[in-house]
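Heads up, the thing below is written out as structure tokens.
Residue numbers (UniProt numbering): 1 to 254.
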């Protein structure tokens, strides 16, 4: 008897306004419209897409919620093409993972694959202002924390170092993915109290890796930058996994 197969889950059928919203997005691309360009008025959209006023209005609300159009009222008002900001994109994508129960390992597997290559690609390309910003960021946690509140702030600040690097990538997709992972990890660290208890080894080794990484980036040594970031990610993964285990033990006891 052949093994039972799991039936494929059907995607829910999209509503008519959602279908029209997708059609409007496709039309915007076909027309080569860019952020700031005005969209046709409601009557023209009704005629172009053959839909009633209510459907068009709902489609426009969907696009506005997605951040793809911006509505202005008053003289000169209307609907305009809008570029989604990185912050909004991260927030929207973060909602997808809200109930996914991500682990430290889920995030660090990707970080280990991507961040060493980012570091290598940036070696010798950063100007002194950017390198100074990275060093200034490290100075925020140059001394070990004295309170749990300070410990949490230092964890977030040390992750911001990686977001600053991601901003410098000439590959917008790579930069966004790394920035998004850093954002997820910051949220996990704070919401799950992964900064508790303070971990002196995580602070010491992380600060050392980041300091040496800036030196390699300034020297234009791609091989050293890749090796330092790889060791940084492997060490942080192991130590943060330990924090995660301790958090689970506290949860079970409680």
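Glycine residues also receive a C-beta, built at the ideal position from the N, C-alpha and C atoms. It should be emphasised that the depicted structure is a prediction, and the values quoted were computed from it without experimental measurement.
So the candidates are 179, 129, 196; which of them puts its Cα closest to the Cα of residue 153? Within the chain shown, the letter at position 153 stands for residue 153. For residue 153, the nearest C-alpha among the options comes from 196.
Among residues of its own chain, excluding the 5 on either side of residue 34, which ones have a beta-carbon nearer than 8 Å to its beta-carbon? Position 34 of the chain shown, counted from the first residue, corresponds to residue 34. Excluding positions up to five away in sequence, the list reads 81.
Three-state secondary structure (DSSP) of residue 78: Sequence index remark: in the chain shown, residue 78 carries index 78 (1-based). Strand.
Please name the residue, chosen from 127, 163, 214, that lies closest to residue 185 on a Cα-to-Cα basis. On the chain shown, residue 185 is found 185 positions in, with the first residue counted as 1. Checking every option, the nearest Cα to that of residue 185 belongs to 163.
My assumption, with CB atoms under 8 Å, is that residue 73 sits in contact with residue 64. Please give the rounded CB distance. Residue numbering aside, residue 73 sits at position 73 when the chain shown is read from its first letter. Residue numbering aside, residue 64 sits at position 64 when the chain shown is read from its first letter. No, residue 73 and residue 64 are not in contact; Cβ-Cβ is about 13 Å, not under 8 Å.
Specify, as a first and last residue, the run of the alpha helix (DSSP H) that residue 130 falls within. The residue given as residue 130 occupies position 130 in the chain shown. Counting along the chain, the alpha helix (DSSP H) containing residue 130 begins and ends at 128-139.
On a Cα-Cα basis, can you pick out the residue from 21, 50, 187 that is closest to residue 67? Position 67 of the chain shown, counting from 1, holds the residue named residue 67. Answer by Cα proximity: 21.
For residue 221, tell me which candidate among 62, 14, 124, 187 has the shortest Cα-Cα distance. Taking the chain shown and counting its residues from 1, one reaches residue 221 at position 221. For the residues 62, 14, 124, 187, the minimum Cα distance to residue 221 belongs to 124.
For residue 235, collect the residues of the same chain with a Cβ closer than 6 Å to its Cβ; drop the 5 residues on either side in sequence, then sort them by chain order. The residue you call residue 235 lines up with position 235 of the chain shown. Answer for residue 235: 205, listed in chain order.
Strand pairing of residue 69, partner residues [DSSP]: Along the chain shown, read from residue 1 onward, the residue named residue 69 stands at position 69. BP columns for residue 69 point to 81.
May I have the straight-line CA-CA distance separating residue 86 from residue 165, to the nearest angstrom? Residue mapping note: residue 86 aligns to position 86 of the chain shown, counting from 1. Residue mapping note: residue 165 aligns to position 165 of the chain shown, counting from 1. Whole-angstrom Cα-Cα distance: 15 Å.
Reduced DSSP secondary structure (H/G/I, E/B, other) of residue 192: Locating residue 192 in the chain shown gives position 192, where the first residue counts as 1. Coil at residue 192, not helix or strand.
So, under 8 Å CB-CB, residue 237 and residue 108 are touching, yes? Tell me the CB distance rounded to an integer number of Å. Start at 1 with the first residue of the chain shown, and residue 237 comes out as number 237. Start at 1 with the first residue of the chain shown, and residue 108 comes out as number 108. The Cβ separation is near 4 Å, so the contact holds.
Would you check if the segment 45-61 and the segment 131-150 touch, i.e. whether three or more CB-CB distances between them fall below 8 Å? no
Starting from residue 94, trace the alpha helix (DSSP H) both ways and give me its first and last residue. On the chain shown, position 94 is the one that residue 94 refers to. It spans 86-96 - the alpha helix (DSSP H) in which residue 94 sits, taken as one unbroken run.
Outcome for residue 179 when other beta-carbon atoms lying within 10 angstroms are tallied against a minimum of 16: The residue given as residue 179 occupies position 179 in the chain shown. Per the 10 Å Cβ criterion, buried.
Just the Cα atoms here: how many angstroms apart are residue 77 and residue 188? In the chain shown, counting from the first residue as 1, residue 77 sits at position 77. In the chain shown, counting from the first residue as 1, residue 188 sits at position 188. Cα to Cα, residue 77 sits roughly 41 Å from residue 188.
How would you label residue 31, buried or exposed, when you count the other beta carbons within 10 angstroms and need 16 or more for buried? What you label residue 31 is simply residue 31 of the chain shown in a count that begins at 1. Classification for residue 31: exposed.
Counting along the chain, where does the alpha helix (DSSP H) carrying residue 105 start and finish? Counted from its first residue, the chain shown places residue 105 at position 105. 104-122 is the span of the alpha helix (DSSP H), which, as asked, contains residue 105.
Look up residue 38 in the DSSP assignment and say whether it is helix, strand or coil. Locating residue 38 in the chain shown gives position 38, where the first residue counts as 1. Residue 38 falls in the strand class under three-state DSSP.
Closest by C-alpha distance to residue 170, when choosing among 126, 210, 226: As a working note, residue 170 is residue 170 in the chain shown. Checked all of 126, 210, 226; the closest Cα to residue 170 is 126.
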